[in-house]
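Undergrad: Going down the list, the sequences are from chains R and E. Heads up: the first sequence runs through residues 1 to 417, numbered per our numbering. Heads up: the second sequence runs through residues 1001 to 1148, numbered per our numbering. Can you keep this structure in mind? I'll have questions shortly.
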Amino acid sequence: MNAVAAASKIKRPFDVARIRADFPILSRTIYDKPLVFLDSAASAQKPRTVIDVLSRTYENEYANIHRGVYYLSQKTTDAFEAARETARRLLNARETREIVFVRGGTEAINLVAQSWGPTNLKAGDEVVLTELEHHSNIVPWQLLRDRTGIVIRAIPVDETGALDLGAYAKILNPRTKLVAVTHCSNVTGTVPPVKEITRMAHAQGALVLVDGCQSAPRLTVDVQDLDCDFYVVTGHKLYGPSGTGFLYGKGELLDAMPPYQGGGGMIRRVSFEKTEYAEVPHRFEAGTPNIAGTIGLAAAMDYVMDLGLDAIERHEAKVLDYAHKRLSEINSVRIVGTAKEKASILSFNIGEVHPHDVGTILDREGVAVRVGHHCAQPLMDKLGLVATVRASFGVYNTMEDVDALCAAVQKVQRFFG
Amino acid sequence: MSDLRDLYQEVIVDHSKRPRNFGKPADVHQHADGHNPLCGDTVTVYLTVEGGKVADVSFEGRGCAISMASASLMTEAVKGKTVAEARAMFEHFHRLVTGKDEFPDDALDKLAVFEGVRDYPVRVKCATLPWHTLVAALESRAEAVSTE
């Protein structure tokens, strides 16, 4: 290895102060208190580079893509297609054409459910979900069930929020056609062993869709190593603009799937008698997409890859561990979700105090957390909870943020103690 | 902390921890279920109307301090009132928590503690959920609850 290559391997230390300076919103105050933003799992804040790329695109280099013969259209098309290559790199997909741009995670899952679903499933076939899933990985399959008569089953969670793989092994059977599982629970932070889950599903001849909305911003993802068939990423949790995201699908699967929506951009030739569809991935990208947003998403992906997903994972694990420790020391706090494999999402309750009251009091301290059922009501029902308080951590969060959270939690105790 | 105290007044915290008129009566005449799908709060209001007056009222439910205290104080406020008076009270209350009335109406009495809710727009629904449910219970007929 030559010196230059060796030097590029040496990671800079993870400098949170420098990272925080990249996010303009973090310097504002809320009710005259510094913003402590602990809701990245709902939507992450945006670094300057993403904001700048959006402005630069609209100010300098914007036109519709895949249409015009003129300079600006070509430049914008190039930037949009370069984003596809950036997405491929993020997931280590084999081919760039395996990336389909969509408006977000929800649309990606609906695309698979509505395109792959009716083509490949018939009444009595089984789709296996898990009790950890977000509504966006439940409802699209229920809509498909209503159309096709498939059966939906769910892998149960244990009391720590981990999936019961023994139960999963028993659920799998020759009727199982698809397993759709989150790579990181948005409520408990649980990171299920998706590689093992995929191996078991494939052994039974079933495909696997992984919902990576929470994992893509937090963990190194290698879809070839996982060997999953579909992987879902949303842009706005990945420090990119809202209304962006992408679906990864194995090339041969996408090739065999019919279009999801009809319109411009997804055709080769249209007449009233017959329409020939475009190749993958354009076949699934009807209409003008979120052009600037997707180019902005590429900037966000470059940003996290420059920091290094492994470094991000290590940093957030430290913050999570500290938050676990500090919150556990407050005797009225009960942490929800203590699975061994966990990413930087932490749900908890404070005694009998309702999470909405907690959220209001924390807000007045400048601490932004999510409260409620987190669009995961089946999991809430299973855990016997109506709601939780959820703190989630991103690249910019610090131990001081955790201290501010704990101080605010103690204030809640004083109010309702 | 003073601004938070405007929302979480002692009376509200007290009623949220020790709700009055909480529970299902042995004999249900009229009732209605209320649900806030955004936050998952649920409340059921049980009602007995005799001679055009609220002879008895109680509730059950799960929710935040604001919704539980609102339900508790509401049951105290409307008991013994005529149906028309109870409805008018909700009108006043609604104007108070949405900030449409600058000062609480005297008729609101203890309910004036909810004045601070106006500064927390996302919490207005918590305060009004029990009242919407009360109105639904007033409009339900005795036969409708026979499935209980």
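In this text, a Cβ means the ideal position worked out from N, Cα and C, and glycines have one as well.
Using beta carbons (cut-off 8 Å, strictly below), is D1003/E in contact with chain R?
TA: Yes, its Cβ sits closer than 8 Å to a Cβ of chain R.
Undergrad: Would you kindly work out how many angstroms separate the C-alpha atoms of E61/R and A391/R, rounded to a whole number?
TA: Their Cα atoms are separated by approximately 38 Å.
Undergrad: Name the chain R residues whose beta carbon is nearer than 7 Å to that of G1063/E?
TA: Ordered by position in chain R, the residues that pass the 7 Å Cβ test against G1063/E are H354.
Undergrad: Going by other Cβ atoms of all chains shown within 10 Å of its Cβ, with 16 needed for buried, is Y231/R buried or exposed?
TA: Classification of Y231/R: buried, given that the 10 Å Cβ count is 16 or more.
Undergrad: Rank K1100/E, S1016/E, F1022/E, H1029/E by C-alpha distance to the C-alpha of C1126/E and give the top, closest one.
TA: For the residues K1100/E, S1016/E, F1022/E, H1029/E, the minimum Cα distance to C1126/E belongs to S1016/E.
Undergrad: Go to K342/R, then tell me how far its beta strand (DSSP E) extends in each direction, as first and last residue.
TA: Note, K342/R: premise wrong, no beta strand (DSSP E); not H, not E.
Undergrad: Can you check whether the C-beta of F416/R is within less than 8 Å of a C-beta belonging to chain E?
TA: Yes, because at least one Cβ of chain E sits closer than 8 Å to the Cβ of F416/R.
Undergrad: Which residues does DSSP pair with S392/R in a beta bridge?
TA: DSSP, once it has assigned bridges, lists D39/R, I345/R as partnering S392/R.
Undergrad: Cα separation between R283/R and Q413/R?
TA: Taking the straight line from one Cα to the other gives about 55 Å.
Undergrad: Which residues does DSSP list as the beta-bridge partners of N331/R?
TA: According to DSSP, which records beta bridges pairwise, N331/R is partnered with nothing at all.
Undergrad: Let me know if A113/R comes out buried or exposed under the rule of 16 or more other beta-carbons within 10 Å of its beta-carbon.
TA: That one is buried.
Undergrad: Verify the CB distance criterion: does D357/R have a CB-CB separation below 8 Å to chain E?
TA: D357/R counts as touching chain E.
Undergrad: Give the interface partners of R1123/E over in chain R, defined as CB-CB distance under 8 Å, in chain order.
TA: Within 8 Å Cβ-Cβ: H356, T360.
Undergrad: Please report the Cβ distance between K177/R and D125/R, rounded to the nearest whole angstrom; I am assuming they are in contact, meaning their Cβ atoms lie under 8 Å.
TA: Their Cβ separation, rounded to whole angstroms, is 5 Å, which keeps K177/R and D125/R in contact under 8 Å.
Undergrad: Anything in chain E within Cβ reach of G372/R, meaning under 9 Å, just list it in chain order.
TA: Within chain E, the residues near G372/R are L1038, C1039, G1040.
Undergrad: Could you check whether the Cβ of L1138/E sits closer than 8 Å to any Cβ belonging to chain R?
TA: No, its Cβ sits nowhere closer than 8 Å to a Cβ of chain R.
Undergrad: Quick test of your reading: T190/R and G372/R, contact by CB under 8 Å. State the CB separation rounded to the nearest angstrom.
TA: With 8 Å as the limit, T190/R and G372/R do not qualify as a contact, their Cβ atoms being about 18 Å apart.
Undergrad: Express the C-alpha separation of A1084/E and L362/R in angstroms, rounding to a whole number.
TA: If I take the Cα positions, the gap works out to 40 Å.
Undergrad: Scan the stretch 377-388 of chain R for residues whose Cβ lies nearer than 9 Å to a Cβ of chain E and list them as they occur along the chain.
TA: If the cut-off is 9 Å between Cβ atoms, the stretch 377-388 of chain R has Q377, M380, V386, A387 near chain E.
Undergrad: One question on the structure: do L129/R and W141/R come within less than 8 Å of each other, judged by their Cβ atoms?
TA: Yes; because the gap between Cβ atoms is below 8 Å, this pair is in contact.
Undergrad: For R20/R, return the contacting residues in chain E, with the cut-off set at a CB-CB distance below 8 Å.
TA: Chain E residues near R20/R: none, gap ~28 Å exceeds 8 Å.
Undergrad: Under a three-way DSSP split, which group does P118/R fall into?
TA: Three-state result, P118/R: helix.
Undergrad: For V386/R, which of helix, strand or coil comes out of DSSP?
TA: Of the three classes helix, strand and coil, the one that applies to V386/R here is coil, per DSSP.
Undergrad: On a CA-only basis, which of Y248/R, G205/R, A278/R, L163/R is nearest G265/R? Give me that one, please.
TA: Of the listed residues, the one whose Cα sits closest to G265/R is A278/R.
Undergrad: Please list the partners that L1007/E has in chain R, where partner means a Cβ-to-Cβ separation under 8 Å.
TA: Here the neighbours are T360.
Undergrad: Which whole-angstrom value describes the C-beta separation of L405/R and V358/R, a residue pair presumed to lie in contact below a C-beta threshold of 8 Å?
TA: Actually they are not in contact, since the Cβ atoms of L405/R and V358/R sit about 11 Å apart, beyond 8 Å.
Undergrad: Can you pull the chain R residues whose beta carbon is under 8 Å from the beta carbon of V1013/E, in chain order?
TA: Within chain R, the residues near V1013/E are F415, F416.
Undergrad: Check the Cβ-Cβ distances between R442/R and every residue of chain E, and say whether any is below 8 Å.
TA: Here chain R comprises residues numbered 1 to 417, so residue 442/R is not present and cannot be evaluated.
Undergrad: Just to confirm the assignment, what range does the beta strand (DSSP E) spanning F101/R have?
TA: From DSSP, the beta strand (DSSP E) with F101/R extends over 99-102.
Undergrad: Over what stretch of residues does the alpha helix (DSSP H) that includes E131/R continue unbroken?
TA: No alpha helix (DSSP H) holds E131/R; DSSP gives it neither H nor E.
Undergrad: So does D321/R have its beta carbon nearer than 7 Å to some heavy atom of the ligand SAM?
TA: What this structure holds is no ligand at all, so the ligand SAM is not there to describe.
Undergrad: What does the Cβ neighbour count give for Q224/R, buried or exposed, with the cut at 16 atoms within 10 Å?
TA: So Q224/R ends up on the exposed side.
Undergrad: At least one CB of chain R closer than 8 Å to the CB of A1142/E: is that the case?
TA: Because A1142/E carries a pLDDT of 44, less than 50, the predicted location of this residue cannot be relied on, and no value is offered for it.
Undergrad: Are the Cβ atoms of I419/R and S73/R separated by less than 8 Å?
TA: Any question about residue 419/R goes unanswered here, given that chain R covers just 1 to 417.
Undergrad: Under a CB-based cut-off of 8 Å, is Y1120/E close to chain R?
TA: Interface residue, yes.
Undergrad: Where DSSP assigns a beta bridge to T275/R, which residues make up the other side?
TA: T275/R pairs with V270/R.
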